[in-house]
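Line order of the protein sequences matches chains F and E. Be aware that the first sequence starts at 13, since it is given in this note's numbering, and climbs by one per residue. Be aware that the second sequence starts at 2, since it is given in this note's numbering, and climbs by one per residue. Note that the Cβ used here is the ideal one computed from N, Cα and C, for glycine as well.
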Amino acid sequence: MLLIKCPWCGERAETEFSYGGEAGIKRPLEPDKLTDEEWADYLFNRSNPKGAHHELWNHAGGCRRWFEAERDTVTYRIAVTREL
Amino acid sequence: MQKVSDNMSDSALQLQRVNDAGFINLRGSVDNKDFLAAIERVAGVALPLEANTFHGDVTRAYWLGPDEWLLQCRESDVANLQQALDETLRGQHTAVNDLTGGFVMYGLRGPGAAELLAAGCTLDLHPLVFTPGCCAQSGLAKATVLLARPKSTDGFDVIVRRSFADYLWQWLARTGRDARIEVT
Chain F
13 MLLIKCPWCG
23 ERAETEFSYG
33 GEAGIKRPLE
43 PDKLTDEEWA
53 DYLFNRSNPK
63 GAHHELWNHA
73 GGCRRWFEAE
83 RDTVTYRIAV
93 TREL
Chain E
2 MQKVSDNMSD
12 SALQLQRVND
22 AGFINLRGSV
32 DNKDFLAAIE
42 RVAGVALPLE
52 ANTFHGDVTR
62 AYWLGPDEWL
72 LQCRESDVAN
82 LQQALDETLR
92 GQHTAVNDLT
102 GGFVMYGLRG
112 PGAAELLAAG
122 CTLDLHPLVF
132 TPGCCAQSGL
142 AKATVLLARP
152 KSTDGFDVIV
162 RRSFADYLWQ
172 WLARTGRDAR
182 IEVT
């Protein structure tokens with residue numbers, strides 16, 4: 013079992029958390045002006061790296077806050093978690 | 002529920018439902034000093050700012066998150082307390098919600114309490130780690146619960162959503178059978 017450090021509650025078992033996808037994706041300010049390709053890129057295309065990955069996690073079984081984590085997709089090691 | 006042991010002093014574990022507990026959920030900013038002072042004045046208990054702790058004994062304030070607390074008081078006091086909080090906090094960016102109907106509280110007493118909970122919980126409940134005055138929202142046997150170790154008695158309080166209450170009661174009673182749990 014992984015221990016994930018919630019920035020608010022401290023280290024908890026991974027079963028208390030839910031994954032929220034890649035972090036740092038900004039919604040375009042003017043969606044009407046985007047081409048279909050640009051909109052699809054915003055909606056669907058993710059970086060999917062082999063290695064360090066910025067992710068959103070939710071402490072669903074605890075304080076229910078979203079936070080950001082930097083996880084290595086190869087080793088599963090979570091280098092850092094921080095408040096949003 | 003069937004009594005497993007007839008002699009109360011025989012058992013290292015007792016489970017009972019706490020019947021007169023009422024709950025109010027509080028949201029507000031810790032940067033708002035007026036909010037913090039108002040709660041302490043009206044509820045008689047200061048909001049804990051340290052994570053995973055609670056203040057108070059009969060009336061308690063549990064830390065739930067960086068801007069969220071659970072106030073516990075006698076069920077008969079809930080309406081008055083909520084009204085007083087509403088009036089005091091009027092106009093401020095806060096939320097006061099009576100959740101009494103949504104939660105059930107169990108008291109698990111005795112030296113075997115931590116061991117029983119550990120069968121279904123990933124927290125470290127050792128008395129040197131989870132000290133009196135600590136609380137935590139976590140999972141217990143797949144139910145989401147708020148666990149607290151009271152300062153005044155030996156054991157734990159378990160606050161659980163009403164829809165999980167019967168399930169959790171049965172889980173606690175069955176899991177405690179080996180420790181000859183006393184269910185009242």
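### Query
According to the Cβ coordinates, are leucine 169(E) and alanine 142(E) closer than 8 angstroms?
yes
### Task
Could you check which residue in Gly92(E), Val146(E), Pro133(E), Gly111(E) has the C-alpha nearest to that of alanine 166(E)?
For the options Gly92(E), Val146(E), Pro133(E), Gly111(E), the alpha carbon positioned closest to that of alanine 166(E) is the one of Val146(E).
### Task
Give a yes or no on contact between the region 40 to 49 of chain E and the region 102 to 113 of chain E, applying the rule of three or more CB pairs nearer than 8 angstroms.
no
### Query
valine 105(E) and glutamine 83(E): beta carbons closer than 8 angstroms?
no
### Task
List the DSSP bridge partners of cysteine 122(E).
Paired residues: none, contrary to the question.
### Query
Near glutamate 34(F), what residues of its chain come up, given a Cβ to Cβ distance below 8 angstroms and the 5 sequence neighbours on each side ignored?
Arg58, Ser59, His65, His66, Glu67, Leu68
### Task
Quick one: measure Cβ to Cβ for arginine 163(E) and glycine 121(E), integer angstroms, because I've assumed they're closer than 8 angstroms.
About 19 angstroms; that fails the 8 angstroms criterion.
### Message
Just to make sure I have the definition right: I need the residues of chain E whose C-beta is within less than 8 angstroms of the C-beta of glycine 73(F). Which are they?
### Response
In chain order: Gln138, Ser139, Gly140, Thr145.
#### Entry: For glutamate 42(F) and glycine 23(E), the rounded distance between their alpha carbons
48 angstroms
#### Entry: Exposed unless 16 or more other CB atoms sit within 10 angstroms - verdict on leucine 55(F)
exposed
#### Entry: First and last residue of the uninterrupted beta strand (DSSP E) at tyrosine 31(F)
30 to 34
### Query
Which whole runs of the alpha helix (DSSP H) in the region 87 to 144 of chain E are 4 residues long or more, in chain order?
114 to 119
### Task
Taking only runs that begin and end inside the region 16 to 64 of chain E, name each unbroken alpha helix (DSSP H) of 4 or more residues, in chain order.
34 to 44
### Message
Judging by CA-CA distance, which residue of Ala62(E), Gly45(E), Arg28(E), Ser12(E) is the nearest neighbour of glycine 134(E)?
### Response
Comparing Cα positions, the closest option is Ala62(E).
### Query
Looking at the C-beta of alanine 166(E), does it have a partner C-beta in chain F at a distance below 8 angstroms?
no
### Message
Assess contact between the region 73 to 86 of chain F and the region 72 to 80 of chain E, defined as three or more Cβ pairs (one per stretch) separated by less than 8 angstroms. Is contact present?
### Response
no
### Task
Note down the Cα distance separating glutamate 23(F) from leucine 129(E), rounded to an integer number of angstroms.
16 angstroms
### Query
Just how far apart, CA to CA, sit alanine 72(F) and alanine 13(E)?
33 angstroms
### Query
Can you list the residues of chain E that tryptophan 20(F) reaches, using a CB-CB cut of under 8 angstroms?
Ala52, Gly66, Pro67
### Task
Name the residue from Val161(E), Leu65(E), Ala44(E), Leu100(E) whose alpha carbon lies nearest to the alpha carbon of glutamate 51(E).
Leu65(E)
### Query
Is there at least one Cβ from chain F nearer than 8 angstroms to threonine 95(E)'s Cβ?
no
### Message
Counting only beta-carbon separations shorter than 8 angstroms, does alanine 25(F) have a partner in chain E?
### Response
yes
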